[in-house]
Every structure is written in C-alpha cells, then in structure tokens.
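All remarks here apply to the structure that follows.
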Amino acid sequence: MINTLYLPELRELLDEDNDAELAEFCTALHPARTADFMEGLTTDERWSVLQHADIESRVGIFSYFDRECQVDAVGSQDRREVAEVIAAMPPDDRVDLLNDVESQVVSELLPLLPAVERRDILRLRAYPEESAGALMTTEFAELSENLSVKEAIDEIGRQARELETISYLYIVDDDQSDQLRGVISARQLISAVARPEITLGQLMERDLVTVNVLDDQEEIANKVAHFDLLAIPVIDDDRRMLGIITHDDIIDVFREEATEDAHRIAGVDPLEQSYLETGIFTLTWKRGVWLIVLFVGALLTAFALTYYDENHLQWWSWLVVFIPLVISSGGNSGNQSATLIITAMVTGDVTLRNWYQVIRRELFVGLMLGGGLGTIGFVAALAMNYSLLQSAVLPITLLLVVVSGTLLGASLPLIFKRLGLDPALMSNPFVAGIIDILGIVIYMSVAACLLSR
Numbered sequence: 000m001i002n003t004l005y006l007p008e009l010r011e012l013l014d015e016d017n018d019a020e021l022a023e024f025c026t027a028l029h030p031a032r033t034a035d036f037m038e039g040l041t042t043d044e045r046w047s048v049l050q051h052a053d054i055e056s057r058v059g060i061f062s063y064f065d066r067e068c069q070v071d072a073v074g075s076q077d078r079r080e081v082a083e084v085i086a087a088m089p090p091d092d093r094v095d096l097l098n099d100v101e102s103q104v105v106s107e108l109l110p111l112l113p114a115v116e117r118r119d120i121l122r123l124r125a126y127p128e129e130s131a132g133a134l135m136t137t138e139f140a141e142l143s144e145n146l147s148v149k150e151a152i153d154e155i156g157r158q159a160r161e162l163e164t165i166s167y168l169y170i171v172d173d174d175q176s177d178q179l180r181g182v183i184s185a186r187q188l189i190s191a192v193a194r195p196e197i198t199l200g201q202l203m204e205r206d207l208v209t210v211n212v213l214d215d216q217e218e219i220a221n222k223v224a225h226f227d228l229l230a231i232p233v234i235d236d237d238r239r240m241l242g243i244i245t246h247d248d249i250i251d252v253f254r255e256e257a258t259e260d261a262h263r264i265a266g267v268d269p270l271e272q273s274y275l276e277t278g279i280f281t282l283t284w285k286r287g288v289w290l291i292v293l294f295v296g297a298l299l300t301a302f303a304l305t306y307y308d309e310n311h312l313q314w315w316s317w318l319v320v321f322i323p324l325v326i327s328s329g330g331n332s333g334n335q336s337a338t339l340i341i342t343a344m345v346t347g348d349v350t351l352r353n354w355y356q357v358i359r360r361e362l363f364v365g366l367m368l369g370g371g372l373g374t375i376g377f378v379a380a381l382a383m384n385y386s387l388l389q390s391a392v393l394p395i396t397l398l399l400v401v402v403s404g405t406l407l408g409a410s411l412p413l414i415f416k417r418l419g420l421d422p423a424l425m426s427n428p429f430v431a432g433i434i435d436i437l438g439i440v441i442y443m444s445v446a447a448c449l450l451s452r
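Sequential numbering of the sequence shown, starting at 0, is according to numbering that gives the first Met the number 0.
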C-alpha cells in the first residue's frame, strides 16, 4: 500500500489525522525513500507527518529533507518539537544545521535542549569552519584497555544505541585524561570472542592514524582515503580524544571540494548553495567577476596583435589564418596540464616536493605534443600552397607554444600552492588567457625572424 501512495493520499491521511496509517508510512520504508515521497508537501505538511512517528524515525526522515526545508522547519515550527528532533540528531549533523539557521532562532532553541547536548553544540560551533572540530561527532565507542573481550562486548551493547557508528572502538586512559591509547576494529573484537579473557590492551593497534582538531577538512579527507578508513579519531595537542569523523562526512567533504574545484577550474566563484537555490544576481556576480578578468586578458591579446602592423610584417594577411590554430593549441595544452596537476594535488598524488618531476614530465610531454601538432600543421600549410619558409613558421610556433602551455599549466598551480593559495584558482580560462597572449607574441616573433627581409 505504501509504495503506491501519492501526495493526494498523504494529504488525505493528514486531513483525517490517521495516526496509524501515517505512523506506518514513516516506518515502512527506508527514511530516504519516505523523504522522497514527501518531497511535494509543504514544510508544514511534512512536519505534521513526522509528528506521527517515533523520535528515531522522525530524525531519520528529517535528515533526508533538503537543507532549505530543514532550515524552514527549524525556524517555523513549534520550538519544543524542533528541540526534540535536534537533540536526537547526530552531533555533527545538528551543528551543521544550526549553522544555517538564524542566530535568533538558535538562541531560542538552545535553552530547550538538554544540558549535555547544549554544551556539545556550543563547543562544536566554536571550531573554525572546514576544520576537523567542525566535522566531528562526539559520539564514539570509548573503552578501557583493561576490559576483557567479554566485558567489552557487554559495554558496547550498552553504548550502541547512543552511537552513530561502532566500526572502531577507541581505547583511552583510565585516569580521566581521555588520552587516546589505541584502537580496535569491530571485526577484531568479534574475532576474539573465542578468547573472552584476553584484554583490549593486548588486542589494540597502537600505531594510530589521527587528525588534529584544527586540521583542514581536505587534508583529513585525503588521509581517510589513503588509509582506507571508515572513521578517523580527532585529538587535541595533548592527544586527548575529542571525537571522530565518519566516512559519510568524508564523502560530503569530497563532494564539496570537488564542486568547488570544478567551479574554480571553469572560472566561476564557488556557489555557497545549490545552483537552483542561488539567486540570479548572486549567480551573475560570481560568474561576472571572472568574466571581467578574462575579458581584460583578451584585451591584452588584442593589444599584442596591434603591436605587429604592416611595417613589421609584410605577410600579415596570411598569418591571420593560423591565429586560431596557434592560440587554441597552446590554450588546450595548458588547460590539460593545469587540470591534471590540480586534480593530482587535490588527491595527494602530487605535492610541492614533486615540482621538479612534474616540470620535467610536462616538458617532455610538451615537446612530443608540440612536435606532433607542428608536423601536422606544416603538412597542412604546404597543402594550402604556402611556401616552404612560410609553412615553417607554423611548426616552430606550435612547438614553442605547446611547450610553453604545458609548462605554464603545470607550474602555475604549484606556484599558487607555494604561496598558500588554492591551486584551483588557476582556472582553465585563466591559463588559456595567459597562453593566448604568449601565443600571439611567439607566433609573430617567429614569423618576423623567418620572413623579415
């Protein structure tokens, strides 16, 4: 029955206040599917449906609403009902939500929350945005190394309902210092059931992979991916265990960073909201700033062309035919190099220490690509009945332009990283603009050297 429900049926159940059917609707499917069925309802209607579910189902479904609906619900619905949902949410998720809510609403909600959750929210909100502290959840399995396997399993059974994940069990000191001593995976613990008397101190891994509470989210995501972890512990400078960052948050980080890098590579200031939620004027501004910068770059290309007039080159008219070919070859090669290097830097495959290796590889690649394109261009120019000397301008130019493009495209992201800037700021249009100017100068200079009398 539930699978065939549509919005009219849901609204009819709401009008009838059919508690049994609405409760079944909220529990019969995965929370994500239930949220999808409710997508066409207003915020008030969605909230009314949730009130017929138990708190666990309510939180599960609410977490799959789009952020705009969540923020709207938090700001418009009964404060006590909202506080009940927020208190039951995972710590990191509720802080992310409250960061998007008006401060006045947050001030009204905080006194309604239990003291423990209220302190937790205030602490997590104090960490810098995009830091480990802002990403972490403070709910994790925390055990003593003196516990036996049997005692640990009993203790985990008591903690499990309050935890977001139990992929790993974290071993901390018994002296209330909360210093992280080791970690045991859930698989390791289950595998040791046959030896119930063995202690966690004998089982735990002491070679720990951790992040500092102030580490940047991109570095954290790369570390989690490199070590293939489901969660990573967050510690402070004294190695005290503060929380964990789970794989679902890491996926969100990768998605966010990939979106930002894609926007920057395309020459667009990253959007803070989704495309459809971003206002027209905001969208125009974020795209317009870079377009103006690129337009100025194009003007410089035009100025470079005006420098070479009939007094400098008597062969001006036929050279114009190949200008698009020259600048596009240089720009495309530069864009390829920039994209490859930026992507490699984001994933951690390339660091500043690899700069010499990168430049050397791109030099050889540029020589081979430039030589190949130059050969094709030379044959094409001869086929168009240009003289041997005229045709020679094209391969020499293409070789120099493509090599310059690959070297610039590879080196500029490294330079930006060295200066402490985001390498993705060296966007493809920006690289292409630089190569356009350089390409014109190289093209005309080669022509002047070969053809001037």
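All C-beta atoms in this analysis are idealised placements derived from N, C-alpha and C, irrespective of residue type, glycine included. Remember, it's a predicted structure, so these values are computed and weren't measured experimentally.
Rounded separation between residue i and residue j - CA only
i: Asp53; j: Pro232; result: 31 angstroms
i: Glu8; j: Ala72; result: 22 angstroms
i: Gly333; j: Ala379; result: 23 angstroms
i: Ala409; j: Arg124; result: 38 angstroms
i: Arg160; j: Thr338; result: 45 angstroms
i: Arg10; j: Glu44; result: 8 angstroms
i: Leu368; j: Val401; result: 7 angstroms
i: Arg66; j: Pro90; result: 16 angstroms
i: Arg186; j: Thr346; result: 29 angstroms
i: Ser403; j: Gly365; result: 8 angstroms
i: Ser47; j: Leu13; result: 8 angstroms
i: Leu6; j: Leu49; result: 15 angstroms
i: Leu411; j: Leu298; result: 21 angstroms
i: Gly330; j: Leu213; result: 39 angstroms
i: Thr164; j: Thr245; result: 8 angstroms
i: Ala87; j: Pro30; result: 15 angstroms
i: Tyr167; j: Pro323; result: 58 angstroms
i: Val353; j: Met344; result: The sequence as given places Asn at residue 353; Val does not occur at that position. C-alpha separation (whole angstroms): 10 angstroms.
i: Ala224; j: Tyr385; result: 56 angstroms
i: Glu15; j: Phe139; result: 42 angstroms
i: Asp172; j: Gly39; result: 51 angstroms
i: Leu142; j: Arg157; result: 12 angstroms
i: Met0; j: Glu20; result: For Met0, the predicted model reports a pLDDT of 40, less than 50, meaning its position is unreliable and no value from the coordinates is stated.
i: Val252; j: Val210; result: 15 angstroms
Residue environment, residue i, which counts as buried when at least 16 other CB atoms sit within 10 Å
i: Phe226; result: exposed
i: Asn515; result: With the chain covering only 0 through 452, there is no way to say anything about residue 515.
i: Val208; result: exposed
i: Asp95; result: buried
i: Ile279; result: exposed
i: Tyr355; result: exposed
i: Asn2; result: Low confidence applies here, because Asn2 scores a pLDDT of 44, under 50, leaving its location unreliable and the question unanswered by this model.
i: Gln103; result: exposed
i: Ala431; result: buried
i: Met383; result: exposed
i: Val295; result: exposed
i: Asp206; result: exposed
i: Val182; result: buried
i: Glu256; result: buried
i: Phe363; result: exposed
i: Ile189; result: exposed
i: Val445; result: buried
Cutoff 6 angstroms; reference residue i; Cβ partners in own chain excluding five residues on either side
i: Asp18; result: His51
i: Tyr126; result: Gly132 and Ala133
i: Ala34; result: Ile60, Tyr63 and Phe64
i: Arg359; result: none
i: Leu229; result: Ser166 and His246
i: Arg93; result: Ile85
i: Ser477; result: Lying before the first or after the last residue shown, residue 477 is absent from the chain, which here runs from 0 to 452.
Strand pairing of residue i, partner residues [DSSP]
i: Pro232; result: Ile243
i: Asn211; result: Ile234
i: Ala140; result: Leu168
i: Glu204; result: Val182
i: Ser130; result: Asp215
i: Ser147; result: Thr198
is_contact[residue i, chain D] using C-beta, thresh 7 angstroms
i: Glu154; result: Protein chain content of the structure displayed is limited to a single chain, and chain D is not contained in it.
Spatial neighbours of residue i in its chain, beta-carbon cut-off 8 angstroms, leaving aside the 5 residues before and after
i: Ala191; result: Val148, Ile197 and Leu202
i: Phe377; result: Ser390, Ala391, Leu393 and Pro394
i: Arg78; result: Glu107, Leu108 and Leu111
i: Asp119; result: Pro90 and Thr137
i: Trp317; result: Tyr385 and Gln389
Cβ-based neighbour list, residue i, same chain, cut-off 7 angstroms, excluding 5 preceding and 5 following
i: Glu129; result: Asp215 and Gln216
i: Gly370; result: Leu398
i: Phe321; result: Leu393
i: Met135; result: Asp91, Val233, Leu241, Gly242, Ile243 and Ile244
Check: Can you list, in chain order, the stretches of the beta strand (DSSP E) that have 3 or more residues and sit fully within the region 163-192?
Finding: 167-171 and 179-184
Q | Ranges of the alpha helix (DSSP H) found wholly within the region 15-58, counting only runs of at least 4 | A | 18-27, 30-36 and 42-49
For a minimum of 4 consecutive residues, which ranges assigned as the alpha helix (DSSP H) are wholly contained in the region 346-409?
354-382
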